[in-house]
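Peer 1: First the structure, then my questions, so here it is.
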Amino acid sequence: MEASAAKLIGAGLAAIGMIGSGIGVGNIWANLIATVGRNPSAKANVELYGWIGFAVTEAIALFALVVALMILFA
Numbered sequence: 107m108e109a110s111a112a113k114l115i116g117a118g119l120a121a122i123g124m125i126g127s128g129i130g131v132g133n134i135w136a137n138l139i140a141t142v143g144r145n146p147s148a149k150a151n152v153e154l155y156g157w158i159g160f161a162v163t164e165a166i167a168l169f170a171l172v173v174a175l176m177i178l179f180a
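Structural data, given as structure tokens:
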């Protein structure tokens with residue numbers, strides 16, 4: 107196997123982490139909407155935790171993207 111082919115395979119495998127991040131973001135917002143739908147007065151309490159969860163989950167996706175780009179171009 108050539109080194110360029112191995113780089114492409116490695117970058118593709120590293121990018122798989124972004125799939126889990128997309129699923130996680132969907133779950134976070136779905137649960138936040140369901141919670142506010144059940145108890146609208148709890149919006150102020152749960153909204154901050156929803157944003158924090160979103161930011162942490164997106165950070166994981168960015169880390170996966172950076173690792174994939176490092177494998178691809180380093």
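So the mapping is simple: the numbering used here equals the position in the sequence shown, first residue as 1, plus 106.
Glycine included, every Cβ here is placed at the ideal spot set by N, Cα and C.
Treat the numbers as computed from the prediction; the structure is a model and nothing was measured.
1) Relative to the C-alpha of residue 125, which residue among 178, 163 and 179 is closest?
2) To test your reading of the DSSP string, which unbroken alpha helix (DSSP H) runs of 4 or more residues are found completely within the stretch 109-147?
3) Using a 10 Å radius around the Cβ and a threshold of 16 neighbouring Cβ atoms, would you call residue 120 buried or exposed?
4) Measuring CB to CB, does residue 154 end up less than 8 angstroms from residue 117?
5) Considering residue 170, what are the terminal residues of the alpha helix (DSSP H) in which it resides?
Peer 2: With the structure as the only source:
1) 163
2) 109-120 and 123-144
3) It counts as buried.
4) no
5) 149-179
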